[in-house]
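Report on the structure given below.
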Amino acid sequence: MKAAIRSLVIGAPWFALLAFLLAWTTGAGRVCAAGSVFDEDETGSGSAAKALASGWWTTELAALEPAPRPSPPTPPVPPPFNGKPSATRRIAPEDVEGLRLLGHANVPLKVVMACARPTRDEVQAMFDVVRTIADLPGLDRKERPTLHVLFSSPESLAGLDIPPGEIGRTIEFERWRLPAGEFDGWLQDIGEIAVCRSRGADRDRLAILDSQREGSLSGFPETLAREWSAFFLSAPGVADARGGNYGGNVEVAPDDSLLLGSTSTAAMRDLLSRCGYRDRMVVLDTDWLGVGHVDECVSTLPMPDGDLGYAIVKADPDLALELLGKLSDADWEREFRQAVRNFFLASARFPEVLDQDGARGRAMFERTVTQREAVRSSDSLALFANRRAARQMAGNLDTLKAFLRKRHGDAIEVPVLSFPVLFIDPQEINGPLEALLPNAVNMVVLREHLVVPDPFFPCLRAAIQKAVEPLGYTCHFMQTFSYHASLGQIHCGSNVFRHPNRYVHPRYARQRNARPAETSGR
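Count along the sequence shown from 1, then add 14; that gives the number in the working numbering.
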């Protein structure tokens, strides 16, 4: 086992992958989109390790350009789905008497994403999933989801394969100021969608809780509030540098518990506590993460048959190391070659992502490569980082279980699903950790369908599917390199408007109706 794990972090194949990526990011070579370099029927003589030694990336690949693929016509662009938005109805934090955030137990109605050149394939893949759900037999017409796409110009939609009959049915478009050449599609971070009870109001209303995130999406929450005839509520205080009050750091469980990261501000916690979540909120340690958001390490899945009503999904670096360490030499070669091929085919489509924000994406991979010089044994810095991540996750899980048992009783069972996730320490020693492979925990939950970042290795993918199948979920693995290169994932890059009073299972409606005072915040 030790030798197998050592092959993961210090073997030639692993660093061949990283060194080749470094060469590619600095312009030394290109990857043929047909993937001929890593075809499955190649012999061992064409292995990544020998290719690294021969320096083929600077010779053979330098002359290769990605093979062109046919582009479907640009779909027509209709007006926004609500052509006559109302005036903004702002509400002050002191006038809020209760909030109920919408989560995975609520029926998903709209998935919101930004479409730019880096994210076209992700938008296309999400459309295919949304269309699959909308076409489910027996689904109430009012519960059919749609994909709401932000775009800056018709050119940014070029290449999407959208049948004309689906426009307005399962997909809709809205023009927004997405700067050319800049990647800013973090829709989850703009804030939260909730039901609000305001002082003197005769009924609850939909509300948009704006996280005050800066950037090209800064005005979008207010636009949503107008288009959806919702209250507009700004988060208290000023957004901090790490974005601790962003939507990715506030997760709501099916029992209406809130999971917050420790990078959230005291002002944000005070608002949520005062508005009904005083005894239904737990803070998990996220300071050890580079981005510092709770959706990097935990998520929830509705599970109506259990005592709790849902399962906790946790990032598990120990499981990732175990699965990869169990591979035989032949299986490792096969899975590694497949992972490399898929990784490069994905990354070659997004050169502009690696150049944004001071080459943040490029620097992430370059820092990873520099760890090679420090790695000498199975007690390497790379293994140390994942062991540290495993300890942090174990502590968070203990905190979360204690919170849930205090709320629901000591005898309650807390189901936990483990998703294999590998971390790296770009600063090499005790620095904030980042996901090395796409982080599968950072997924989108749409009824019984999960949109999961593809971790590239087939054995990791199989473990995720095996974990969720007993709960009745279907995984749609998505190539998400454009998000991954910018230190995020598909959950970060999307937001979901869910029906405030419809639920994916009757159990959750009964739970809410059984405790109206608690959910209203009074």
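Think of the CB as a built atom: it goes at the ideal place given N, C-alpha and C, for glycine as much as any other residue.
Keep in mind it's a predicted model, so treat the numbers as computed, not measured.
Which residues DSSP lists as bridging residue i, in chain order
i	result
serine 432	Lys328
glycine 275	Leu298
leucine 161	Val125, Ile185
leucine 315	Ala325
serine 248	Asp224
phenylalanine 437	Ala449
Through-space distance from residue j to residue i, alpha-carbon basis
i	j	result
arginine 288	alanine 408	30 Å
asparagine 356	alanine 425	45 Å
glycine 304	proline 151	43 Å
leucine 153	arginine 524	20 Å
asparagine 509	arginine 521	24 Å
histidine 422	leucine 322	8 Å
glycine 257	aspartate 343	43 Å
valine 264	arginine 351	37 Å
leucine 337	alanine 106	50 Å
leucine 447	serine 167	36 Å
proline 8	arginine 475	What the structure shows of the chain is the stretch from 15 to 536, and residue 8 is not part of that stretch, so it cannot be assessed.
methionine 282	arginine 227	14 Å
glycine 233	alanine 130	18 Å
leucine 274	lysine 415	14 Å
glutamate 157	glutamate 136	23 Å
threonine 494	alanine 353	14 Å
alanine 148	threonine 488	15 Å
glutamine 479	arginine 419	28 Å
leucine 32	glutamate 349	Unreliable positioning characterises leucine 32 in this predicted model, as indicated by a pLDDT of 39, which lies under 50. A coordinate reading is not provided.
leucine 231	valine 110	25 Å
valine 11	tryptophan 346	This structure gives no information on residue 11, because the portion of the chain shown stretches from 15 to 536.
tryptophan 190	glutamate 241	14 Å
serine 248	methionine 127	21 Å
aspartate 216	alanine 172	47 Å
phenylalanine 2	tryptophan 302	Within the shown structure, residues of the chain are numbered from 15 to 536, placing residue 2 beyond reach of any answer.
phenylalanine 398	proline 440	12 Å
isoleucine 438	proline 193	31 Å
alanine 477	histidine 463	16 Å
Closest by C-alpha distance to residue i, when choosing among the options
i	options	result
threonine 184	His162, Leu174, Pro250	His162
proline 331	Phe197, Ile181, Val455	Val455
arginine 114	Val428, Phe433, Pro268, Lys415	Pro268
glycine 507	Gly112, Pro434, Gly199	Gly199
phenylalanine 417	Met295, Gly320, Arg526, Ala477	Met295
serine 170	Asp468, Pro132, Leu474, Ile147	Pro132
valine 297	Ala404, Val137, Leu411	Leu411
glycine 1	Arg348, Arg402, Phe165	In the structure displayed, the chain extends from 15 to 536; residue 1 sits before or after that span and is not available.
valine 209	Leu220, Ala215, Asp216	Leu220
phenylalanine 471	Gly339, Glu483, His519	Gly339
leucine 238	Glu206, Ala215, Ser212	Glu206
proline 514	His118, Glu483, Leu414	His118
aspartate 319	His519, Asp216, Ala499, Arg211	His519
asparagine 400	Leu450, Val430, Thr413	Leu450
serine 243	Ala249, Ser230, Leu231, Asp218	Asp218
arginine 461	Arg134, Val428, Lys480, Pro316	Pro316
serine 496	Glu108, Arg134, Arg104, Val126	Arg134
glycine 214	Leu192, Glu108, Val430	Glu108
valine 428	Phe398, Thr413, Ile204, His307	Thr413
isoleucine 204	Gly229, His463, Asp439	Gly229
Beta-carbon contacts of residue i that lie in its chain and below 6 Å, excluding the five residues immediately before and after
i	result
phenylalanine 95	Any reading at phenylalanine 95 must be qualified, since the residue scores a pLDDT of 42, below 50, and its modelled position is unreliable; the value itself is stated next. Correct list, in chain order: Glu186.
serine 155	Checking the displayed sequence, the identity of residue 155 turns out to be arginine instead of serine. The answer is none, since no qualifying residue turns up.
arginine 516	Val121
leucine 333	Ser432, Pro434
tryptophan 70	Because tryptophan 70 carries a pLDDT of 27, less than 50, the predicted location of this residue cannot be relied on, and no value is offered for it.
serine 61	Below a pLDDT of 50, predicted positions are generally treated as unreliable, and serine 61, at 33, falls in that range; the measurement from the model is reported next regardless. None.
leucine 164	Ala128, Glu188, Trp190
Residues near residue i in its chain [Cβ-Cβ closer than 8 Å; skip 5 each side]
i	result
histidine 505	Gln202, Gly262, Asp309, Ser313, Asn456, Met457, Val458
glutamate 236	Thr102, Ile222, Asp224, Phe246
leucine 272	Leu115, Val264, Glu265, Val266, Leu286, Tyr291, Arg294, Met295, Val296
glycine 372	Its pLDDT being 41, under 50, glycine 372 is placed unreliably by the model, and nothing is read from it.
Nonlocal neighbours in the same chain, by C-beta distance under 7 Å from residue i, ignoring five residues either side
i	result
valine 465	Met140, Val143, Met457, Val458, His490, Met492, Ile504
asparagine 453	Glu310, Ala329, Val435, Pro467, Gln503
aspartate 299	Ser276, Gln406, Gly409, Asn410
glutamine 138	Leu174, Asp175
valine 327	Val312, Ser313, Thr314, Leu315, Leu431, Phe433, Val455
alanine 404	Pro331, Asp332
arginine 104	Phe246
Contact belief for residue i with residue j at Cβ below 8 Å, rounded distance in angstroms
i	j	result
leucine 485	alanine 325	7 Å
threonine 160	lysine 124	5 Å
valine 121	arginine 512	6 Å
glycine 112	glycine 290	5 Å
cysteine 473	leucine 341	7 Å
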